[in-house]
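This report refers to the structure that appears directly beneath it.
Numbering (our numbering), first residue to last: 54 to 364.
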């Protein structure tokens with residue numbers, strides 16, 4: 054079993070849709086999340102006067118795809134005030150939520166911030182969950198830090214990557230490596246599942262990893278979406294994965310996964326692969342077995358309940 058982790062969340066104004074703070078014991082970092090509508094209140098907080106990092110999250114104008122921007126600044130209040138201006142005055146219109154990352158000991162220098170910004174952008178690009186609108190200049194690797202400082206900042210990044218998903222932002226959440234059992238970090242992996250459609254030439258493999266359904270590199274998917282009505286979310290995801298280079302052309306009317314991709318559920322994965330709505334709980338089969346995902350999950354639950362009863 055992995056060791057637990059305690060993250061302290063505080064609803065600053067007593068509502069889940071307002072300003073939320075997050076802290077981890079023995080970590081100097083502090084994270085704030087707030088909707089754009091509460092920006093004025095956010096800027097009144099003491100954290101806003103500190104240097105730090107910020108992440109702006111929103112959507113494309115048509116609302117079809119999420120977007121994000123990662124930045125660093127020596128004054129959170131000044132930079133977010135600037136980013137709240139209209140586009141024609143140097144601001145950004147797309148965002149509706151901000152995440153602010155500062156240090157409680159106020160020891161983050163400009164060098165630290167540039168290093169953190171560069172690394173977070175690299176991680177976000179690798180995770181490929183949300184499109185970034187950062188300019189190419191901020192995506193270059195920045196490594197000009199003493200060895201001890203680099204180690205401290207890498208630990209700082211580990212904590213940021215732990216906190217942000219708890220606040221609902223998966224921007225930095227990369228798919229863990231696929232394994233058949235617990236890895237050194239105690240990430241829980243399921244057995245291997247396969248999805249086949251011989252008439253279409255589709256063969257796909259996946260595992261459930263850390264609560265997500267991760268399709269393996271090289272798995273095949275249908276190139277076209279066949280449904281004309283309904284399931285707009287999965288249809289858009291099918292298209293977005295092509296635009297992001299996750300799904301690339303293969304032989305015939307097929308696409309291939311160029312990298313592992315983590316879906317929210319087996320059905321989301323099978324829908325994208327089949328090009329239509331699909332019940333992944335029955336389509337995905339345990340490798341080398343006729344047992345489907347749903348039956349396997351029920352079997353695991355019953356086994357754990359039985360073990361608990363016996364013990």
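Note that CB positions come from ideal geometry on N, CA and C, so glycine has one too.
For residue i, which residues does DSSP report across the bridge?
| i | result |
| --- | --- |
| residue 51 | Given a span of 54 to 364 for the chain in the structure shown, any question on residue 51 remains unanswerable. |
| residue 184 | 120 |
| residue 60 | 77 |
| residue 88 | 150 |
| residue 111 | 120, 148 |
In whole angstroms, what is the alpha-carbon distance linking residue i and residue j?
| i | j | result |
| --- | --- | --- |
| residue 159 | residue 166 | 12 Å |
| residue 162 | residue 318 | 41 Å |
| residue 268 | residue 313 | 6 Å |
| residue 260 | residue 243 | 6 Å |
| residue 132 | residue 218 | 24 Å |
| residue 99 | residue 316 | 38 Å |
| residue 352 | residue 342 | 14 Å |
| residue 62 | residue 266 | 27 Å |
| residue 358 | residue 70 | 37 Å |
| residue 103 | residue 164 | 15 Å |
| residue 134 | residue 251 | 56 Å |
| residue 263 | residue 95 | 33 Å |
Does the Cβ of residue i have 16 or more other Cβ atoms within 10 Å, making it buried, or fewer, making it exposed?
| i | result |
| --- | --- |
| residue 258 | buried |
| residue 221 | exposed |
| residue 149 | exposed |
| residue 197 | exposed |
| residue 272 | buried |
| residue 331 | buried |
| residue 64 | exposed |
| residue 201 | exposed |
| residue 79 | exposed |
| residue 212 | buried |
| residue 59 | exposed |
| residue 140 | exposed |
So, for residue i: in the same chain, excluding its five sequence neighbours on each side, which residues have a beta-carbon less than 8 Å away from its beta-carbon?
| i | result |
| --- | --- |
| residue 227 | 176, 179, 180 |
| residue 138 | 144 |
| residue 118 | 112, 184, 289, 293 |
| residue 347 | 334, 335 |
Please return the same chain residues whose Cβ sits closer than 7 Å to the Cβ of residue i, not counting the five positions on each side in sequence.
| i | result |
| --- | --- |
| residue 349 | 339 |
| residue 66 | 72 |
| residue 354 | none |
Within its chain, find whatever has a CB closer than 6 Å to the CB of residue i; leave out the 5 residues flanking it on each side and keep chain order.
| i | result |
| --- | --- |
| residue 306 | 276 |
| residue 321 | none |
| residue 270 | 310, 312, 313 |
Would you check if the stretch 120 to 139 and the stretch 97 to 110 touch, i.e. whether three or more CB-CB distances between them fall below 8 Å? Judged by Cβ distances under 8 Å, the stretch 97 to 110 makes contact with the stretch 120 to 139, as three or more pairs qualify.
For the 8 Å Cβ check, are there 3 or more pairs between the stretch 84 to 99 and the stretch 201 to 208? Counting Cβ pairs under 8 Å, fewer than three are found: no touch.
Determine, using beta-carbon pairs with one atom in the stretch 145 to 157 and one in the stretch 67 to 83, whether at least three such pairs fall under 8 Å. The stretch 145 to 157, when compared against the stretch 67 to 83, does touch it at the 8 Å Cβ threshold.
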